[in-house]
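Numbering (UniProt numbering), first residue to last: 4 to 355.
Every residue gets a Cβ at the ideal spot worked out from N, C-alpha and C, and that includes glycine.
Worksheet: one structure, shown below.
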Amino acid sequence: SIVQQGLIERYREWLPITPDGPVISLGEGSTPLVHAPTLSEAVDGDVWIKVEGANPTGSFKDRGMTVAVSVAAAEGAKAVVCASTGNTSASAAAYAVRAGMTPVVLLPAGKIAKGKLAQSIVYGAKIVQIDGNFDDCLLVARKLEEHYPIALVNSVNPNRIEGQKTGSFEIIDALGDAPDVHLLPVGNAGNITAYWKGYKEYFEAGKATRKPKMWGFQAAGAAPLVLGHPVSEPETIATAIRIGNPASAEFAIAARDESGGLINSVTDEEILAAQALLASQEGIFVEPASASGVAGLLKLKAAGQVPSGLRFAITVTGNGLKDIDTALLGRDIETEIVSADVYQVAAACGLN
Ligand code: F0G
Numbered sequence: 004s005i006v007q008q009g010l011i012e013r014y015r016e017w018l019p020i021t022p023d024g025p026v027i028s029l030g031e032g033s034t035p036l037v038h039a040p041t042l043s044e045a046v047d048g049d050v051w052i053k054v055e056g057a058n059p060t061g062s063f064k065d066r067g068m069t070v071a072v073s074v075a076a077a078e079g080a081k082a083v084v085c086a087s088t089g090n091t092s093a094s095a096a097a098y099a100v101r102a103g104m105t106p107v108v109l110l111p112a113g114k115i116a117k118g119k120l121a122q123s124i125v126y127g128a129k130i131v132q133i134d135g136n137f138d139d140c141l142l143v144a145r146k147l148e149e150h151y152p153i154a155l156v157n158s159v160n161p162n163r164i165e166g167q168k169t170g171s172f173e174i175i176d177a178l179g180d181a182p183d184v185h186l187l188p189v190g191n192a193g194n195i196t197a198y199w200k201g202y203k204e205y206f207e208a209g210k211a212t213r214k215p216k217m218w219g220f221q222a223a224g225a226a227p228l229v230l231g232h233p234v235s236e237p238e239t240i241a242t243a244i245r246i247g248n249p250a251s252a253e254f255a256i257a258a259r260d261e262s263g264g265l266i267n268s269v270t271d272e273e274i275l276a277a278q279a280l281l282a283s284q285e286g287i288f289v290e291p292a293s294a295s296g297v298a299g300l301l302k303l304k305a306a307g308q309v310p311s312g313l314r315f316a317i318t319v320t321g322n323g324l325k326d327i328d329t330a331l332l333g334r335d336i337e338t339e340i341v342s343a344d345v346y347q348v349a350a351a352c353g354l355n
């Protein structure tokens with residue numbers, strides 16, 4: 004077929020989708036797995052980047068949302084709700100309107116990157132900005148689901164995890180086996196839970212000969228899983244992972260321990276440096292939170308904790324265009340205006 008199939012069509016037998024139920028899809032998944040030569044050389048290994056910003060709404064959330072909204076549609080839901088730092092809300096809004104449902108999104112006021120806010124507005128979500136952080140929003144979202152006729156599509160909904168586990172399937176399908184290590188950012192801890200589930204399922208089905216170690220990275224100012232306790236006032240420039248009390252904490256710890264992996268933290272400076280490196284060296288522009296896995300790999304390599312000769316898969320979770328305010332922070336844009344003359348333009352860009 005020339006039409007790109009969504010992940011429910013491609014992985015149907017692995018997903019909780021009834022044979023004749025509705026499939027709400029925007030052609031998600033099948034994202035690029037891109038070899039990263041600069042990073043490979045930096046760590047003396049083989050680094051592959053899973054570019055989830057290539058999904059229909061620009062983040063990995065679409066993998067979970069196609070399944071969660073399809074199941075909600077089969078159950079007759081008329082509205083969905085989520086708490087979000089911005090990407091879940093963008094994805095929920097798109098898939099809900101596609102299904103003819105009303106999306107309601109609860110956002111921490113003033114802490115959402117503008118591109119993500121624009122998505123929720125233009126898709127047509129009912130937006131409620133809350134005086135509180137993501138953790139506060141999630142508490143309210145859970146209570147809304149409990150008391151009102153509305154389906155919760157945060158990653159505490161197991162159908163979200165089911166959809167997101169297909170990221171692991173695609174990596175194994177592409178590389179022929181699991182990598183030695185899988186790295187990714189950790190916020191509410193749904194995605195590390197999902198990837199680990201996917202790796203385990205493919206391994207148990209004989210589609211991989213091994214399971215990777217799971218290395219998760221939180222922002223230093225929002226690192227409850229590193230500290231071992233919730234953080235009441237999480238703070239980081241990577242607003243996507245500005246979360247102090249991850250709902251799937253228990254599963255993230257299990258992923259870490261069962262895989263022999265780790266959960267560590269990276270500073271905002273390390274995150275921004277990794278974002279810049281990914282864009283300027285590998286040609287991959289991601290939002291700040293998405294660079295955490297790369298930041299973590301470089302940090303651990305510098306600390307002498309990364310052996311040579313390993314294969315790494317790193318999920319970069321969201322598109323750089325989601326948060327251009329942060330991307331442009333402290334960067335000079337050339338303000339000189341040059342006339343439309345070939346010699347002057349050549350001089351302006353240093354050609355001679
Ligand atoms: N990266 C990005 C770009 C995200 O948006 C998120 C989470 C994560 C990483 C962390 O994933 O929560 O599964 O551990 N964003 C959620 C949201 C919280 O509301 O969009 P996680």
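- Judged by DSSP secondary structure, A75 falls within the alpha helix (DSSP H) whose first and last residues are K64 to A77.
- Cβ neighbours of A292 within its own chain (closer than 6 Å, five residues either side excluded): P188, A241, A243 and I244.
- Here the alpha carbon of T239 sits roughly 12 Å from the alpha carbon of T88.
- In this structure, DSSP gives F288 a state outside helix and strand, which the three-state scheme calls coil.
- V131: member of the beta strand (DSSP E) spanning K129 to I133, first to last residue.
- The count of Cβ pairs closer than 8 Å, one atom from the region 265 to 272 and one from the region 295 to 309, reaches three, so the stretches are in contact.
- At a threshold of 7 Å, E290 counts as near ligand 1, since its beta carbon sits closer than that to one of the ligand's heavy atoms.
- Distance from the Cα of I5 is smallest, within the candidate group P19, G30, D23 and L109, for G30.
- Distances between the C-beta of P188 and the heavy atoms of ligand 1 include at least one below 7 Å.
- DSSP, read as helix, strand or coil, puts G61 in coil.
- Under the criterion of beta carbons closer than 8 Å, P182 and A316 qualify as touching, at roughly 4 Å.
- Every unbroken stretch of the beta strand (DSSP E) spanning 3 or more residues and falling wholly within the region 160 to 214 is given here in chain order: 184 to 188.
- For C85, the secondary structure class from DSSP, reduced to helix, strand or coil, is strand.
- Taking a 10 Å sphere around the C-beta of Y126, we find 16 or more other C-beta atoms and assign the residue as buried.
- The Cβ neighbour count for P152, taken over all protein chains shown within 10 Å, is under 16; the residue is labelled exposed.
- Between G193 and the set G231, I246 and V234, the nearest pair of CA atoms involves I246.
- Annotated as proximal: V107 and K129, with beta-carbon spacing under 8 Å.
- Following the DSSP letters along the chain, one finds Q347 inside the alpha helix (DSSP H) bounded by residues V345 to A351.
- Measuring C-alpha to C-alpha distances from G61 to each of G307, K119 and V234 identifies K119 as the nearest.
- The DSSP assignment places complete alpha helix (DSSP H) segments of no fewer than 4 residues inside the region 264 to 344 at 271 to 280, 295 to 305 and 327 to 331, in order along the chain.
- If you look at G118, you'll find it isn't in any beta strand (DSSP E); it sits in the alpha helix (DSSP H) that goes K117 to Y126.
- By the neighbour-count criterion, in which a residue is buried when 16 or more other Cβ atoms sit within 10 angstroms of its Cβ, G333 is exposed.
- The alpha-carbon of C140 is positioned some 43 Å away from that of S311.
- Secondary structure note for A243: it is in no alpha helix (DSSP H), with a DSSP letter that is neither H nor E.
- With 16 or more neighbouring CB atoms inside 10 Å of its own CB, P237 falls in the buried class.
- Ligand 1 approaches G89 closely enough that one of its heavy atoms is under 7 Å from the residue's Cβ.
- A straight-line Cα-Cα distance of about 35 Å links D326 and G79.
- The region 155 to 171 and the region 64 to 73 touch, with no fewer than 3 CB-CB distances between them shorter than 8 Å.
- For the pair S94 and L110, the CB atoms are not nearer than the 8 Å cut-off.
- Distance from the CA atom of A77 to the CA atom of N162, rounded to whole angstroms, is 13 Å.
- It is roughly 6 Å from the alpha-carbon of H185 to the alpha-carbon of P215.
- Not one heavy atom of ligand 1 lies closer than 7 Å to the C-beta of G118.
- Only buried fits T34, as 16 or more other CB atoms lie within 10 angstroms of its CB.
- Proximity to A276 across A252, K302 and D260 peaks at K302, based on C-alpha coordinates.
- Taking the C-beta atoms as reference points, S28 is found no nearer than 8 Å to G56.
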